[in-house]
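Trainee:
Residue numbers (the numbering used here): 1486 to 1878.
(1) My output table needs one value for residue 1513: the three-state DSSP class, helix, strand or coil.
(2) The beta strand (DSSP E) spanning residue 1677 covers which residue range?
(3) Can you tell me the Cα-Cα spacing of residue 1625 and residue 1784, whole angstroms?
(4) Just the Cα atoms here: how many angstroms apart are residue 1862 and residue 1673?
(5) Measure the C-alpha to C-alpha separation of residue 1777 and residue 1800 and round it to an integer number of angstroms.
(6) Fully enclosed by the segment 1545-1616, which alpha helix (DSSP H) runs are 4 residues long or longer?
(7) Output yes or no for whether 8 Å exceeds the beta carbon distance between residue 1570 and residue 1511.
(8) Can you list, in chain order, the residues of its chain with a C-beta nearer than 6 Å to that of residue 1837? Leave out the 5 residues immediately preceding and following it.
(9) I need the straight-line Cα distance from residue 1878 to residue 1795, nearest angstrom please.
(10) Can you name the residues that DSSP bridges to residue 1775?
(11) Starting from the C-beta of residue 1810, find all residues in its chain whose C-beta is less than 7 Å away, skip the five residues before and the five after it, and write them out in chain order.
(12) Take residue 1676 and list the residues in its own chain whose beta-carbon comes closer than 6 Å to its own, dropping the five residues that flank it on each side.
(13) Is the separation between the beta-carbon of residue 1661 and that of residue 1733 shorter than 8 Å?
(14) Tell whether a beta-carbon distance below 8 Å holds between residue 1821 and residue 1871.
(15) Under the three-state reduction of DSSP, which class applies to residue 1896: helix, strand or coil?
(16) From the DSSP output, which residues share a beta bridge with residue 1714?
(17) Within the same chain, show all residues whose beta-carbon is closer than 7 Å to that of residue 1867, passing over the 5 residues directly before and after it, in chain order.
(18) Give a yes or no on whether the C-beta atoms belonging to residue 1597 and residue 1657 are separated by under 8 Å.
(19) Jot down the residue ranges of each uninterrupted beta strand (DSSP E) in the segment 1805-1861, minimum 3 residues, whole runs only, in chain order.
(20) Check whether the Cβ atoms of residue 1559 and residue 1605 sit closer than 8 Å, and answer yes or no.
(21) With residue 1725 and residue 1697 assumed to form a contact (beta carbons below 8 Å), what rounded beta-carbon distance in angstroms separates them?
(22) Can you check which of these residues, 1704, 1608, 1659, is closest to residue 1635 by C-alpha distance?
(23) With DSSP as the reference, please indicate the residues paired to residue 1641 in a beta bridge.
(24) For residue 1537, write down the residues that DSSP places opposite it in a beta bridge.
(25) Where DSSP assigns a beta bridge to residue 1786, which residues make up the other side?
(26) With respect to the beta strand (DSSP E) encompassing residue 1654, which residues constitute its N-terminal and C-terminal limits?
(27) Run through DSSP, which three-state label would residue 1884 get?
(28) Between the Cα of residue 1830 and those of 1788, 1566, 1537, spot the shortest distance and give me the residue it belongs to.
(29) Is the distance from the Cβ of residue 1564 to the Cβ of residue 1620 below 8 Å?
(30) To the nearest angstrom, report how far apart residue 1689 and residue 1702 are at their CA atoms.
(31) Classify residue 1618: buried if its beta carbon has 16 or more other beta carbons within 10 angstroms, exposed otherwise.
(32) DSSP three-state label for residue 1721, please.
(33) Assuming residue 1671 is part of the alpha helix (DSSP H), what are its boundary residues?
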């Protein structure tokens, strides 16, 4: 009787999901099935969870990294998302296994990327397991991240290498979620205060008058004053690097989620307006890797930036008035339709990555091969956006 009831509930949920999906334009059930197949094969083909698939190489092999890489959390995070989307215990078991290989990084104080590395896998894992072990890892990771905050400068330091003095990158907005969650789990508001101070100073110094963002702002570590502003991974210092704009949009959306401070909502809306109204923003919604590349339209798209933008817009939709929310939903849907087309979505092959045509670090592209490649954060944010799309009314 218990098995029958379990099967009945499962079928009913699938039916309800199918009814909801029918009203939408994207074949989400088909995509989830294909994505699950890809990652099932990825795990089966790589049983060493210390060699984490990060991206495809130009010679049709997989570039793998260890737990200290900033992209180390996205693979196990994607496995957790697939468990959310399929309720297949295979993905829960493998997510637990692949997350375990990252546990040591909770003590890593040499990086600002602990939100990516630790909150993505262990945050997703905690939602699904309520494990005290995962809770403690999240808290310890936040403690480690907090050590990189300098009260005098008012921001979390991103990089420790020269020629920078105290550099902060727009990507760092994505790591603030870890701090907010640590405050929720512990009741210690100091983590939240760090996140707010960092977001405020970033808002003051990273953005131009048109609400496009620099990639890097370097500060004086004694006075806290700005030394220089530049775009390390874009085509020029004054250009709008696409993934950087996506990080900003997502980051200020989550700031509003946690604080309900309207200045963050206004900032997110301004960034969205910059992206969606830009003369070089394609109608299909997947941006060129840099909005100011003079070779547009004969240059690369960045599917990962598109996925991040879609996911952010689907959350931002919930916080704005109906007319603006409809615009955000429709644009997110357009992006997902494009990313779900054969041009961008790999249903088989592709070294078991899901999304094609991402651009990583352009200046270091020859070293990493991550130009017009599949990269694990592209997969993660695509599935997160797809999940939000399914859940959005």
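For every residue, glycine included, the Cβ atom is placed at its ideal position computed from N, Cα and C. This one's a predicted model, so the numbers in the text were calculated from it and none came from an experiment.
Mentor: The structure says:
(1) Counted from its first residue, the chain shown places residue 1513 at position 28. Three-state result, residue 1513: helix.
(2) Within the chain shown, residue 1677 is the residue found at index 192, counting from 1. Boundaries around residue 1677 are those of the alpha helix (DSSP H), 1675-1690, since no beta strand (DSSP E) includes it.
(3) In the chain shown, the residue the question calls residue 1625 occupies position 140. In the chain shown, the residue the question calls residue 1784 occupies position 299. Whole-angstrom Cα-Cα distance: 42 Å.
(4) As a position in the chain shown, residue 1862 is number 377, starting the count at 1. As a position in the chain shown, residue 1673 is number 188, starting the count at 1. Cα-Cα distance, rounded: 30 Å.
(5) Counted from its first residue, the chain shown places residue 1777 at position 292. Counted from its first residue, the chain shown places residue 1800 at position 315. The alpha-carbon atoms of residue 1777 and residue 1800 are separated by roughly 27 Å.
(6) The segment 1545-1616 contains these whole alpha helix (DSSP H) runs: 1559-1571, 1574-1585, 1609-1614.
(7) Mapped onto the chain shown, residue 1570 falls at position 85. Mapped onto the chain shown, residue 1511 falls at position 26. Going by C-beta atoms, residue 1570 is not nearer than 8 Å to residue 1511.
(8) Sequence index remark: in the chain shown, residue 1837 carries index 352 (1-based). Within the same chain, 1523, 1526, 1527 come within 6 Å of residue 1837 by CB-CB distance, once the 5 residues on both sides are set aside.
(9) Position 393 of the chain shown, counting from 1, holds the residue named residue 1878. Position 310 of the chain shown, counting from 1, holds the residue named residue 1795. Answer to the nearest angstrom: the Cα atoms are 15 Å apart.
(10) Indexing the chain shown from 1 puts residue 1775 at position 290. Residue 1775 is bridged to 1726.
(11) By one-based count along the chain shown, residue 1810 stands at place 325. Cβ neighbours of residue 1810 within its own chain (closer than 7 Å, five residues either side excluded): 1802.
(12) Along the chain shown, read from residue 1 onward, the residue named residue 1676 stands at position 191. Apart from sequence neighbours up to five positions away, the residues of its chain that approach residue 1676 with a beta-carbon distance below 6 Å are 1627, 1664, 1667, 1668, ordered along the chain.
(13) Looking up residue 1661 in the chain shown gives position 176. Looking up residue 1733 in the chain shown gives position 248. By the CB criterion at 8 Å, residue 1661 and residue 1733 fall outside the cutoff.
(14) Start at 1 with the first residue of the chain shown, and residue 1821 comes out as number 336. Start at 1 with the first residue of the chain shown, and residue 1871 comes out as number 386. Contact: yes.
(15) Outside the displayed span of the chain (1486 to 1878) sits residue 1896, for which this structure offers no information.
(16) By one-based count along the chain shown, residue 1714 stands at place 229. Answer by DSSP bridge pairing, in chain order: 1702.
(17) Here residue 1867 is taken as the residue at index 382 of the chain shown, counted from 1. Taken in chain order, the residues that qualify are 1792, 1824, 1839, 1840.
(18) For the purposes of this step, residue 1597 is identified with residue 112 of the chain shown, where counting begins at 1. For the purposes of this step, residue 1657 is identified with residue 172 of the chain shown, where counting begins at 1. Yes, they are a contact pair.
(19) 1856-1858, all fully within the segment 1805-1861.
(20) Here residue 1559 corresponds to residue number 74 of the chain shown, with the count starting at 1. Here residue 1605 corresponds to residue number 120 of the chain shown, with the count starting at 1. The beta carbons of residue 1559 and residue 1605 sit closer together than 8 Å.
(21) Counted from its first residue, the chain shown places residue 1725 at position 240. Counted from its first residue, the chain shown places residue 1697 at position 212. Indeed, because the Cβ distance is near 4 Å, the residues count as touching under 8 Å.
(22) Translated into positions along the chain shown, residue 1635 becomes position 150. For residue 1635, the nearest C-alpha among the options comes from 1704.
(23) Locating residue 1641 in the chain shown gives position 156, counting from the first residue. Bridge pairing for residue 1641: 1634 [DSSP].
(24) Numbered from its first residue, the chain shown carries residue 1537 at position 52. Residue 1537 is bridged by DSSP to 1550.
(25) Start at 1 with the first residue of the chain shown, and residue 1786 comes out as number 301. DSSP output for residue 1786 lists 1773 as bridge partner(s).
(26) Against the chain shown, residue 1654 aligns to sequence position 169. For residue 1654, the uninterrupted beta strand (DSSP E) run begins and ends at 1652-1654, by DSSP.
(27) Look at the range of the chain in this structure, 1486 to 1878, and you will see that residue 1884 is not part of it.
(28) The residue given as residue 1830 occupies position 345 in the chain shown. Checking every option, the nearest Cα to that of residue 1830 belongs to 1788.
(29) In the chain shown, residue 1564 corresponds to position 79, counting from 1. In the chain shown, residue 1620 corresponds to position 135, counting from 1. Not closer than 8 Å, so no.
(30) The residue you call residue 1689 lines up with position 204 of the chain shown. The residue you call residue 1702 lines up with position 217 of the chain shown. Cα to Cα, the separation comes out at about 11 Å.
(31) On the chain shown, residue 1618 is found 133 positions in, with the first residue counted as 1. Exposed.
(32) For the purposes of this step, residue 1721 is taken as the residue at position 236 of the chain shown. In the three-state reduction of the DSSP assignment, residue 1721 falls in the coil class, being assigned neither a helical nor a strand state.
(33) Within the chain shown, residue 1671 is the residue found at index 186, counting from 1. Counted as a single uninterrupted DSSP element, the alpha helix (DSSP H) harbouring residue 1671 occupies residues 1661-1671.
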